[in-house]
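Enquirer: Sending over a structure as structure tokens; questions will come in a sec.
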Amino acid sequence: MAYVYPTAVTNVSDSFQDHVNRGSVNPGTDYTSAYGDTVSAVAAGTVADASNSPSGGGGRTVHVNHDDGTGADYLHLSSVAVRAGQWISQGTRIGQSGASGYGDDWYYGPHLHISFRPNHAGGYGNNGNQDFDAIMKSQKPPVPPKPPVEPEEEEEIMRVGQVHYTNADGHIVRALYAPGSAYWMPWQDDTAGIANGFAKSLETGASVAVTESLYNALARAAEKLL
Ligand SMILES: [Zn+2]
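Here our numbering is used: the first residue of the sequence shown is -8, the next is one more, and so on.
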């Protein structure tokens, strides 16, 4: 499955390896983030814990158990927008980035720390924590571009009705026409016996496919008749 970045800014201010190298008890990836930026879920899952207290090293923290079996902690938030037990879809806003930790809302400089794990182990600590940014860079684009949509071919279908008129000799002439257009076609003359085969085929149908050139030719003729 494809994960998405938790913040709009994807620049890493402190890498997973840097956390490991300095002996971080809860190694993760720090993304550059201003105070109050939106933090969103990297995958769909259930909120296992949502702490709105700045106490502890992680400060305001949201822990999500992803549906795919992995999990993530989002640390140092300035506000929390979800509650424990809530199922959230990928990309859901879970809170705002901040600098909280050790009982202080400004213990750190603002950034988002994400601890990603291949399991649902929560809590503050190293429980198989993985390099989330490496995962992001190894996967295909999270949302692949959709193939371009080809324009639909225009259907040459018109609705057809009937009209009749009395010609100069007093005979009734029937014609087909397309309402809203000037398309018409002589059908039958009660004395001349015009019986247009194409038109006859329309007796039971309400619509017919015609070519544009036929339509235009008939439209021009119709202006003289109707
Ligand atoms: Zn960190």
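Even for Gly, the Cβ is constructed at its ideal location relative to N, Cα and C.
Could you give the distance in angstroms between the alpha-carbon of GLY113 and the alpha-carbon of ALA39?
Expert: 8 angstroms
Enquirer: May I ask whether a heavy atom of ligand 1 can be found less than 7 angstroms away from the beta carbon of GLY50?
Expert: no
Enquirer: Compute the distance between the beta-carbons of ILE85 and GLY36, then report whether it is under 8 angstroms.
Expert: no
Enquirer: Is any non-hydrogen atom of ligand 1 found closer than 7 angstroms to the C-beta of HIS57, if you look at the structure I gave you?
Expert: no
Enquirer: In the DSSP assignment, what are the bridge partners of ARG84?
Expert: SER31
Enquirer: Examine the Cβ distances between the segment 55 to 62 and the segment 1 to 21 and report whether three or more of them are shorter than 8 angstroms.
Expert: no
Enquirer: Regarding GLY27 and ligand 1, is the C-beta to nearest heavy atom distance less than 7 angstroms?
Expert: no
Enquirer: What is the DSSP secondary structure of SER129, counted as helix, strand or coil?
Expert: helix
Enquirer: Identify, in the order they occur along the chain, each residue of the same chain with its Cβ nearer than 7 angstroms to the Cβ of LYS131, setting aside the five sequence neighbours on each side.
Expert: ALA(-7)
Enquirer: With VAL55 as the anchor, note down where its beta strand (DSSP E) starts and where it stops.
Expert: 51 to 57
Enquirer: For ligand 1, list every residue whose C-beta falls under 6 angstroms from any of its heavy atoms, going in chain order.
Expert: ASP5, HIS10, GLY19, ASP21 and HIS104
Enquirer: Note the first and the last residue of the continuous beta strand (DSSP E) segment covering VAL38.
Expert: 36 to 42
Enquirer: Please list the terminal residues of the continuous alpha helix (DSSP H) segment that includes VAL11.
Expert: Counting along the chain, the alpha helix (DSSP H) containing VAL11 begins and ends at 7 to 12.
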